[in-house]
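Have a look at the structure below, then the notes.
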Ligand SMILES: CC(C)(COP(=O)(O)OP(=O)(O)OC[C@H]1O[C@@H](n2cnc3c(N)ncnc32)[C@H](O)[C@@H]1OP(=O)(O)O)[C@@H](O)C(=O)NCCC(=O)NCCS
C-alpha cells in the first residue's frame, strides 16, 4: 500500500472513531431540515440526499421541509405572469395556484424519488429509506395586510406534531412541501422557512438545519463565523440585509428563521452550505464543524460536571495523560471524584475541564486542568481557574496549590508563586510523587 494511501486510511479511521461521540449524541434526536428551492436545483442535491439518508440510517429523526420559490417564479414567468411581493412575501393570485400546485407537486415527487433510489454502487444501496408525506400542517390565509390582499398566500395555523412523531418513531423521513391545506379544504402557498420553523418549534426539535448558498454566515473579511449567539445573529441579519446581494439576503432570511426558532426553544440552528459536498456531515460530525451554528451552548458556558461527563472528560485528558502532562486517572477514580470537576461543553462535547480538590479545611488543589488543543488560547483555562478560585473562596479555602510539570508560567501569570514541596499541607506532601518532579505553586486567596 502506498504511504499516501495509508495516511488517508489512518485519517479516515481517526475521523470515523472521533465521530462516535456525535453518532451517539444525534441518535434518536429530531432534526428539521429546510431545503430551499435553490438547494433543490443545485447539482449537489444528490449528495445532500445521500447524507440525509445516512443520518436516517444512524437513527436521526428527520423532517424535511422544501421550498420552491425560484421554480414557482420560473413557471409563472413561462405563463407570462409575474408575482408581486409585499413584506418579502409573494402575493399568490387564485389563477396562479394551478401552476404552483403542478410545480411544487413535481418537486416533491422528484425529491421522493431521490430517496427511493437504491441502485447498486450508490451510497444509498441497501439503505431502504422510508419516507412519507401527509397532512402534517394546517394552513390559513395571510389575509389583507397594509391593504394588500395576499389571496392564496398562507401561513401556518397548526402543526400536527403527533402525526409527525408517529412517522418519525416508525423510522420514516417526513417530507413537507410549502403547500398547506386549510380546514376549508383550500390549498395555500406558504413560506417554507416559516413551515420549517413552526415544525421545529412544535416538535421541540434538537436542531433546525437551514441549507444556504454560502458556507455559513461570513464576516466582512470573508471569514466564516462558526458560532453565533443571539445578539450577534441579530446584528448579522442587519449587516447581511444591508449587503443586499441575493446570497446575503438568503442567509439573512435563514438567520431570521433561526432567531424565531431559537426564541421558541429550538436551541441549535445550523446554517450549512447546500453547494458544498459533505458540508452537513462535517458540521454535524466533527468538532470544528463546517457551517454557522447559532446555539445556546456558548463556550462561555461553564458548569459543574456530572457523572454523564466522565466519558467526555476521559477522552479529553487521555492524550495528555499519555504525554505525561497529566497524572493518570482511571474511570472509577474519575467517577468517585466527579463532583470536584467543572467542565465546558460545546455541542455535546467536553472541550475543557478542571478540578478542585479540598485539602483539609483551608487548603485546596487545582488539578487536571485541560483545554482541548483546538480551543486553547481562547481564555478557557483562565475562566476555569477563576471559577475554581471562586468556588474555593466560598468554601473557605485560603490557599490554593497546583502541581505542574509544564504549565508553570500559566499559573505564575495568574498570581501563583513557586513554593517547596514542604509547603504543601502534610497529607498532600505524603502523596507527592518525587519521580514526576512537579513544581509546586501556591496562591493565597484572601
Ligand atoms: C495550560 C492550559 C490549561 C491553558 O489553557 P488556555 O485556555 O489555552 O489558556 P488561556 O487562553 O486562558 O490563556 C492563554 C495564555 O496562557 C498561556 N499558556 C498556555 N499554556 C501555557 C503553558 N503551558 N505554559 C505557560 N503559558 C501557557 C498562553 O501562552 C497564553 O498567553 P498569552 O495570551 O500571553 O499568549 C492549556 O494550554 C492546556 O490544557 N494545556 C495542556 C494541559 C496542561 O498543561 N495542563 C496543566 C496541568 S496542571
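Residue numbers (this note's numbering): 796 to 1241. Note that the Cβ used here is the ideal one computed from N, Cα and C, for glycine as well.
Excluding the 5 residues preceding and the 5 following residue i in the sequence, name in chain order all residues of the same chain whose CB lies nearer than 6 Å to its CB.
i, result
"residue 1214", "1235, 1237"
"residue 1239", "1194"
"residue 838", "none"
"residue 943", "881"
"residue 1232", "none"
"residue 828", "859, 1004"
"residue 1049", "1005, 1007, 1066"
"residue 941", "none"
"residue 853", "818"
"residue 959", "931, 969"
"residue 806", "none"
"residue 1227", "1216"
What residues in its chain sit with their C-beta under 8 Å from that of residue i, if we drop five residues either side in the sequence?
i, result
"residue 1060", "996, 999"
"residue 1069", "830, 831, 833, 834, 837, 839, 840, 843, 1006, 1007, 1008"
"residue 1155", "1220, 1222"
"residue 1217", "1224"
"residue 1025", "1054, 1057, 1089"
Whose CA, out of the options, lies closest to the CA of residue i?
i, options, result
"residue 1142", "807, 1153, 819", "819"
"residue 973", "923, 1038, 860", "860"
"residue 1183", "1190, 1233, 1151", "1151"
"residue 924", "1003, 885, 850", "850"
"residue 961", "858, 921, 1229, 1185", "858"
"residue 988", "1196, 1162, 884", "884"
"residue 1219", "1207, 1197, 1208, 1202", "1197"
"residue 990", "1007, 1066, 971, 978", "971"
"residue 848", "903, 910, 875, 865", "910"
"residue 815", "1106, 1158, 1162", "1106"
"residue 812", "1133, 1110, 1203", "1110"
"residue 931", "888, 908, 938, 978", "978"
"residue 1014", "1026, 1042, 1031", "1031"
"residue 1120", "936, 1189, 1201", "1201"
"residue 1027", "1037, 1012, 806", "1012"
"residue 936", "1189, 986, 1230, 1185", "986"
"residue 957", "994, 939, 922", "994"
Determine, using beta carbons only, whether residue i and residue j come nearer to each other than 8 Å.
i, j, result
"residue 842", "residue 1073", "yes"
"residue 777", "residue 826", "Because the chain is modelled from 796 through 1241, residue 777 falls outside the range shown and cannot be assessed."
"residue 954", "residue 934", "no"
"residue 948", "residue 976", "no"
"residue 1137", "residue 1180", "no"
"residue 1108", "residue 1145", "yes"
"residue 1045", "residue 1056", "no"
"residue 903", "residue 864", "no"
"residue 896", "residue 982", "yes"
"residue 907", "residue 926", "yes"
"residue 1147", "residue 1161", "no"
"residue 1023", "residue 1087", "yes"
"residue 1089", "residue 1053", "yes"
"residue 946", "residue 887", "yes"
"residue 1171", "residue 1139", "no"
"residue 1036", "residue 1047", "yes"
"residue 1116", "residue 1123", "yes"
"residue 1101", "residue 1133", "yes"
"residue 870", "residue 894", "yes"
"residue 1051", "residue 1010", "no"
"residue 963", "residue 856", "yes"
"residue 1118", "residue 1153", "no"
Taking the continuous alpha helix (DSSP H) assigned at residue i, which residues delimit it?
i, result
"residue 1181", "1175-1189"
"residue 1057", "1041-1058"
"residue 1018", "Taken as a continuous stretch (DSSP letters only), residue 1018 belongs to no alpha helix (DSSP H), as it is neither H nor E."
"residue 988", "987-998"
"residue 856", "Here residue 856 belongs to no alpha helix (DSSP H); instead the beta strand (DSSP E) covers 856-861."
"residue 849", "840-852"
"residue 867", "864-873"
"residue 958", "956-964"
"residue 900", "892-911"
"residue 1112", "1105-1117"
"residue 1130", "1126-1132"
"residue 1025", "1025-1038"
Would you kindly report the start and end of the unbroken beta strand (DSSP E) that includes residue i?
i, result
"residue 984", "982-984"
"residue 1152", "1144-1154"
"residue 1226", "Here residue 1226 belongs to no beta strand (DSSP E), and DSSP marks it neither H nor E."
"residue 1165", "1158-1166"
For residue i, I'd like the list of residues in its chain whose CB is within less than 7 Å of its CB, leaving aside the five on either flank, ordered along the chain.
i, result
"residue 1176", "1164, 1166, 1205"
"residue 1187", "1151, 1159, 1195, 1240"
"residue 876", "891"
"residue 798", "Note that residue 798 scores 49 on pLDDT, short of 50, meaning its location in the model is unreliable; the coordinates nonetheless yield the value given after this. If we look at residue 798 and ignore the five residues flanking it on each side, it has no Cβ neighbours."
"residue 809", "none"
"residue 1229", "none"
Is there at least one non-hydrogen atom of ligand 3 closer than 7 Å to the beta-carbon of residue i?
i, result
"residue 1236", "No copy of ligand 3 appears in this structure; the ligands present are ligand 1."
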